[in-house]
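A.B. asks: I have a structure I would like to understand better, so I am pasting it below and will then ask my questions one at a time.
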Amino acid sequence: MSKILVPFDLTAICKNVIQYAMDLHPTGTTIDLLHVAKYKLGERPSEGYQETSKEAVTLDKVGSFVDEILYSKWAQRINVLVETGNILDSIYLQLEKEHYEMVIMGTKENHTLLDRWFGTHAYNLSVNVDVPVLLIPPNAHFDGLQRIVVASDAHIKNERLLDFIRTWNTTYKTHIQFCHVQQDPSDQFEQEGGKIIESYFEKNPVEFSFEISVMAEDDIASALLKRTDEEQADLLMLVSQKHAPLADLILKSTSKELAVRSMIPLLFLPFAKTKRSPLAEVND
3 MSKILVPFDL TAICKNVIQY AMDLHPTGTT IDLLHVAKYK LGERPSEGYQ ETSKEAVTLD
63 KVGSFVDEIL YSKWAQRINV LVETGNILDS IYLQLEKEHY EMVIMGTKEN HTLLDRWFGT
123 HAYNLSVNVD VPVLLIPPNA HFDGLQRIVV ASDAHIKNER LLDFIRTWNT TYKTHIQFCH
183 VQQDPSDQFE QEGGKIIESY FEKNPVEFSF EISVMAEDDI ASALLKRTDE EQADLLMLVS
243 QKHAPLADLI LKSTSKELAV RSMIPLLFLP FAKTKRSPLA EVND
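Sequential numbering from 3 applies to the sequence shown in the working numbering.
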């Protein structure tokens, strides 16, 4: 049975994230809910510390929070984990302990909080782990997957990325559009990248449809959001990878803008790394 990891706090946004995770994986999946407290359970905060209901975490509160959203059929498929310390460190440690196919996290409505969470947590997580990271914006609800846009660039040459897309979409059979944002007129992606994609799927037949598109735009984030809106897409896939400092800064800026503005979930795929995704291994 496959497993996914869902870090959460005691907010309505995270209730929505957990609900999305359950709807996305209706059968055959165990969900580990990870809550990271700021201090140990039962430990009194230091003098001068302003305690709040969210920070004064107890197992009972976490249990009550989860009980509010659980279906009876999920009772045996959800584990609640409570740790203390730094949230990223706790996630990394949990990923080392267990074999997960995906991490699912929520983003925040407040842009200041979002910058903190996405800029320092979700983005750093997406480029430093070997599993996909799915970001769920506030108010996003799973209503099936009809159309997916895949932000496509030179990384499309990585066959492991196409392996993941093929394997993952075998369940949903969703139409996929590989969308490339062309910033340089000499860019030959439509010819070169298109041939790679078409050749791959000729060798690996699938039961879903796909297409390749190119948009000539200066602003990558705006172009991708425009395309997802035009296509009424349910999901945007991106590849996260470490580049040279300048390229990394551009990617981070684009990714943060997408998280702020996107109304649909973003799935970051770490397939520039040498290690394969656990999902690809499980489904081989």
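Idealized CB from N, CA, C, for every residue including glycine.
Under DSSP, the beta strand (DSSP E) around D221 begins and ends at which residues?
C.D. replies: Here residue 221 corresponds to residue number 219 of the sequence shown, with the count starting at 1. It is not in any beta strand (DSSP E) - D221 carries neither H nor E in the DSSP assignment.
A.B. asks: Does DSSP classify L137 as helix, strand or coil?
C.D. replies: Indexing the sequence shown from 1 puts residue 137 at position 135. Reduced to three states, the DSSP call for L137 is strand.
A.B. asks: For A223, tell me which candidate among I214, S211, M239 has the shortest Cα-Cα distance.
C.D. replies: Here the question's residue 223 lines up with position 221 in the sequence shown. Comparing Cα-Cα distances from A223 to each of I214, S211, M239, the minimum goes to M239.
A.B. asks: Indicate the three-state DSSP secondary structure (helix, strand or coil) for E209 in the structure shown.
C.D. replies: Position 207 of the sequence shown holds residue 209. E209 falls in the coil class under three-state DSSP.
A.B. asks: Compare the C-beta of R229 with all C-beta atoms of chain D and state if any pair is closer than 7 Å.
C.D. replies: Protein chain content of the structure displayed is limited to a single chain, and chain D is not contained in it.
A.B. asks: Just to confirm, are V151 and C181 a CB contact at a threshold of 7 Å?
C.D. replies: Counting from 1 along the sequence shown, the entry for residue 151 is found at position 149. Counting from 1 along the sequence shown, the entry for residue 181 is found at position 179. The answer is yes: Cβ separation under 7 Å.
A.B. asks: Verify whether the separation of the beta carbon atoms of F212 and I158 is less than 7 Å.
C.D. replies: Here residue 212 is taken as the residue at index 210 of the sequence shown, counted from 1. Here residue 158 is taken as the residue at index 156 of the sequence shown, counted from 1. Taking 7 Å as the Cβ cut-off, F212 and I158 do not qualify as a contacting pair.
A.B. asks: Along the alpha helix (DSSP H) that carries S92, what are the first and last residues, could you check?
C.D. replies: Residue numbering aside, residue 92 sits at position 90 when the sequence shown is read from its first letter. Its alpha helix (DSSP H) spans residues 89-99.
A.B. asks: What residue from T109, A39, D236 has the CA that sits closest to L147's CA?
C.D. replies: Taking the sequence shown and counting its residues from 1, one reaches residue 147 at position 145. Among T109, A39, D236, the Cα nearest to that of L147 is on D236.
A.B. asks: Any idea what DSSP makes of T86, helix, strand or coil?
C.D. replies: What you label residue 86 is simply residue 84 of the sequence shown in a count that begins at 1. In the structure shown, T86 sits in a strand (DSSP, three-state: E or B).
A.B. asks: Going by other Cβ atoms of all chains shown within 10 Å of its Cβ, with 16 needed for buried, is D165 buried or exposed?
C.D. replies: Position 163 of the sequence shown, counting from 1, holds the residue named residue 165. Label assigned to D165: buried.
A.B. asks: What residue does the alpha helix (DSSP H) around R162 start on, and which one ends it?
C.D. replies: The sequence position of residue 162 within the sequence shown is 160, counting from 1. Looking at the DSSP string, the run of the alpha helix (DSSP H) that includes R162 is 161-174.
A.B. asks: Can you tell me where the beta strand (DSSP E) holding A23 begins and where it ends?
C.D. replies: Residue mapping note: residue 23 aligns to position 21 of the sequence shown, counting from 1. Premise fails: A23 lies in the alpha helix (DSSP H), 14-26, not in any beta strand (DSSP E).
A.B. asks: How far does the beta strand (DSSP E) with T32 in it reach, from first residue to last?
C.D. replies: Working through the sequence shown from its first residue, we reach residue 32 at position 30. Here the beta strand (DSSP E) through T32 covers 31-39.
A.B. asks: Counting only the same chain and skipping the five closest in sequence on each side, list residues whose C-beta sits under 6 Å from that of V135.
C.D. replies: The residue labelled residue 135 in the question sits at position 133 within the sequence shown. Contacts found: V105, L127, S128, F270.
A.B. asks: What's the C-alpha gap between L83 and P140?
C.D. replies: Taking the first residue of the sequence shown as 1, we reach residue 83 at position 81. Taking the first residue of the sequence shown as 1, we reach residue 140 at position 138. If I take the Cα positions, the gap works out to 23 Å.
A.B. asks: Just the Cα atoms here: how many angstroms apart are E100 and D186?
C.D. replies: Sequence index remark: in the sequence shown, residue 100 carries index 98 (1-based). Sequence index remark: in the sequence shown, residue 186 carries index 184 (1-based). Near 43 Å, if we compare the C-alpha coordinates of D186 and E100.
A.B. asks: From the DSSP secondary-structure annotation, give me the bridge partner or partners of K197.
C.D. replies: As a working note, residue 197 is residue 195 in the sequence shown. DSSP output for K197 lists no bridge partner at all.
A.B. asks: Using the beta-carbon count (16 or more within 10 Å), is P272 buried or exposed?
C.D. replies: The residue labelled residue 272 in the question sits at position 270 within the sequence shown. The residue in question, P272, is buried, as its Cβ has 16 or more Cβ neighbours within 10 Å.
A.B. asks: If we ignore side chains and look at the alpha-carbon of each, how far apart do P9 and P267 end up?
C.D. replies: Taking the first residue of the sequence shown as 1, we reach residue 9 at position 7. Taking the first residue of the sequence shown as 1, we reach residue 267 at position 265. Distance between the alpha carbons of P9 and P267 is about 16 Å.
A.B. asks: Give every residue of the same chain whose Cβ lies closer than 6 Å to the Cβ of L26, excluding the five residues on either side of it in the sequence, and list them in chain order.
C.D. replies: If you number the sequence shown from 1, residue 26 lands on position 24. Here the set comprises F144.
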